[in-house]
Structure formats: structure tokens, C-alpha cells
Amino acid sequence: MLATIAMVGLALPTLAQQLPELTAATATGANTSAKFFGGVSADNGASFGNSFDFDTPLDITGSIQVEESHVNTVGNLYIVAQLGEQLLFRDATGNYLEWDMNLATLQAASPDKTLASNEPLTVVDDLPLGPAGAAGLTLSVFLAYDTIAAPGELFYSGAPIAVSIGTAPPAEPASLTIYTQSISAQIVQLRCVVCHVSGGVAGGTPLLYVRSPAANFLTTNYNTIVNYIKNVPNGSNRILSKPQGQAHSGGVQLQSGSTDFQNLSDLVNAVLTE
Numbered sequence: 084m085l086a087t088i089a090m091v092g093l094a095l096p097t098l099a100q101q102l103p104e105l106t107a108a109t110a111t112g113a114n115t116s117a118k119f120f121g122g123v124s125a126d127n128g129a130s131f132g133n134s135f136d137f138d139t140p141l142d143i144t145g146s147i148q149v150e151e152s153h154v155n156t157v158g159n160l161y162i163v164a165q166l167g168e169q170l171l172f173r174d175a176t177g178n179y180l181e182w183d184m185n186l187a188t189l190q191a192a193s194p195d196k197t198l199a200s201n202e203p204l205t206v207v208d209d210l211p212l213g214p215a216g217a218a219g220l221t222l223s224v225f226l227a228y229d230t231i232a233a234p235g236e237l238f239y240s241g242a243p244i245a246v247s248i249g250t251a252p253p254a255e256p257a258s259l260t261i262y263t264q265s266i267s268a269q270i271v272q273l274r275c276v277v278c279h280v281s282g283g284v285a286g287g288t289p290l291l292y293v294r295s296p297a298a299n300f301l302t303t304n305y306n307t308i309v310n311y312i313k314n315v316p317n318g319s320n321r322i323l324s325k326p327q328g329q330a331h332s333g334g335v336q337l338q339s340g341s342t343d344f345q346n347l348s349d350l351v352n353a354v355l356t357e
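Residues in the sequence shown are numbered from 84 upward in steps of one, following my numbering.
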């Protein structure tokens, strides 16, 4: 995640509405008229939130309104991020480095610059944070600046830009992949639905499918076959023996050793292990 975030710069895209204001604080506890703004958006700044899905592309943007007396003085801009228990700062090259909370070791994201009245910052630009390493975590971003006009002082956002990222969606079961790629069209729709449908020759059995024109036929039939394998007595054996013609009024549909039979066997094994 840190390497990915490090690629963004310090420019602020145009926002559709004002960034949320953050509280302002100083290292010494002195009062300040500086203001800090920041937010997380999934719609280019039309709205801001603090909780997003694993794979939602996000913008994290901020802005520092420096004290009036600090305008046109030389100073530094800082970005500090906390991800879970990890505390980091962004250096001038865009890399995030571990920080020990010692101000003497804090490096600037934008060093030795003449401060404008408003300093925009982009932390993340159109990046899904879940795949980048923040899945199931809260990312907190603090903005700060200092100036030669106030030696020894650090002005920062007392409250962070905070965003919680959802966990990754569950992976598709192996059995569903097998069914979709090797069973649905090749076996169920080509052979089974001739009899195993409502009103069909095998309509009185617990293994009833729907034909492919039906809505959600693939999901419906997948759930049907999984239920048969798991819950019908001896279902996992019967679903392999009957297509071979054993006690099957439909005769031989699959030859032992054939590709289709092996795929059906793989499906049964996958269902039983999931």
C-alpha cells in the first residue's frame, strides 16, 4: 500500500464542495488561527465519508490554511499516516517511512517551500485502499506545517482524516468455478434437464433443475446440486453412480474416465471439502 500511495503528489483536484474542517492544534499547546481541512471521497469530492468498501477507488485530499503571519515565509509541509498500529510519515520523495513520534526525526513531504495562504495536499488519488493493504483497517492521516516564523512550533490537524476500509469479499468457492466452467452447460443443460425438471420423467426426485432460459438458472442449479451432494443421504455417491447408468432410468449419461465424469467428480470433491 505504501509504495502505491507514494506515487501521488501534492496537487489538489477541484472539489465539488468544501472539504470538511479538522480541528487545529500545535505542538506547544498554543492557540493558532491556522485551519486544516481534509476528507475522503469516492465521487471526486461531491461527498465525503469515513467508511468504504474494500475495492472502492478513493481520493484523500487535504488543505492547510496557514496563519496570516506565516504567508510567504519558508516552511515545511508534513503528512503523517497511521495504518492500524503502524505510524509513518511521507518524505520528500513520496515514500512512507516508520516514525517514532519524535519531532526531531519527522521529515517533510514538501520541504523548504514558501508558504501560500492555502496549501493543498493530495494523499491518495483514485486508489482502492483494500487491495493496497488497508483491508479491514482504519487509515488516519494528519496534516501539519512549520515555519521559520515560529521556530520550534508545529501546527497540525488535531483530528485526522480517518477512513475505515472493508475486508475483501469472500473468494468464489472452487465448486462454483468448476460448476460454471465445466458442469452447467456440458452436463446439466445438455443431459440432465431432459428428465430432471418439474413435470419431467425424473420430476419426482430431489434433483430438479431449471433450463437455461430461466432467470438465475446457473445459481439455482448450482445450489440444487450442492444441496443434493451435502444433504441427500448418500447423495455424493449417487450423483456419480447414476449418470453411469447404475439404477438410473435415464441410462448411461457419463462414461467413467471421461472428461465430463472427471469434472463431475471434481465438483463433488470440492463441495465436500468446502
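Backbone N, C-alpha and C define an ideal beta-carbon position, used for all residues, glycine too. Nothing here was measured: the structure is a model prediction, and the numbers come from that model.
Exercise. Contact between the stretch 256-270 and the stretch 220-236: three or more CB pairs below 8 Å?
Worked result: No, the stretch 256-270 does not touch the stretch 220-236.
Exercise. Around the C-beta of P289, are 16 or more other C-beta atoms found within 10 angstroms, so that it is buried, or is it exposed?
Worked result: Taking all protein chains in view, the Cβ of P289 is surrounded by fewer than 16 other Cβ atoms within 10 Å, so the residue is classified as exposed.
Exercise. Buried or exposed: L160, going by 16 or more other Cβ atoms within 10 Å of its Cβ?
Worked result: By the neighbour-count rule (16 or more Cβ atoms within 10 Å), L160 is buried.
Problem set entry | Limits of the unbroken alpha helix (DSSP H) element including R321 | Counting along the chain, the alpha helix (DSSP H) containing R321 begins and ends at G318 to S324.
Exercise. Rounded to a whole number of angstroms, what is the C-alpha to C-alpha distance between A268 and F344?
Worked result: Their backbone Cα atoms lie some 14 Å apart in a straight line.
Exercise. Between the stretch 271-283 and the stretch 237-245, do three or more beta carbon pairs fall short of 8 Å?
Worked result: With a cut-off of 8 Å, the stretch 237-245 and the stretch 271-283 do not count as touching, because too few Cβ pairs lie within range.
Exercise. Does DSSP put N310 in a helix, a strand or coil?
Worked result: In the three-state reduction of the DSSP assignment, N310 falls in the helix class.
For this session: Tell me the start and end of each unbroken alpha helix (DSSP H) in the stretch 95-145 that is at least 4 residues and wholly inside, in chain order.
Result: Within the stretch 95-145, no complete alpha helix (DSSP H) run reaches 4 residues.
Exercise. Within this structure, are the beta carbons of G128 and D142 separated by less than 8 Å?
Worked result: D142 is positioned such that its CB atom lies closer than 8 Å to that of G128.
Problem set entry | Own chain, CB closer than 6 Å to H331, minus 5 neighbours either side, in chain order | By the criterion of a C-beta distance shorter than 6 Å, H331 is surrounded in its chain by K325, once the five residues flanking it on both sides are discounted.
Exercise. Using the C-alpha atoms, what's the distance from G177 back to E150?
Worked result: Roughly 26 Å between the two C-alpha positions.
Exercise. Is L198 helix, strand or coil when you go by DSSP?
Worked result: It is coil, neither helix nor strand.
Exercise. What residues are listed by DSSP as bridge partners for S193?
Worked result: For S193, the beta-bridge partners assigned by DSSP are L160.
For this session: From the DSSP output, in three-state form, read off V224 for me.
Result: V224: strand per DSSP, three-state reduction.
For this session: Under 8 Å by Cβ, that's how I've got A117 and T139 pegged, so tell me the actual separation to the nearest angstrom.
Result: Actually they are not in contact, since the Cβ atoms of A117 and T139 sit about 31 Å apart, beyond 8 Å.
Exercise. To the nearest angstrom, how far is it from the Cα of L210 to the Cα of V123?
Worked result: The alpha-carbon of L210 is positioned some 11 Å away from that of V123.
Problem set entry | For E151, the three-state DSSP class (helix, strand or coil) | Helix, per DSSP.
Exercise. Assuming L337 contacts L347 under a Cβ cut-off of 8 Å, what Cβ separation, rounded to an integer in Å, is found between them?
Worked result: Your pair L337 and L347 checks out as a contact, with CB atoms roughly 7 Å apart and the cut at 8 Å.
Exercise. For V246, which residues does DSSP report across the bridge?
Worked result: As a beta-bridge residue in DSSP terms, V246 pairs with L222.
Exercise. If you count every other CB in all the chains shown that lies within 10 Å of the CB of G287, and 16 or more means buried, which is it?
Worked result: Exposed, since its Cβ has fewer than 16 Cβ neighbours within 10 Å.
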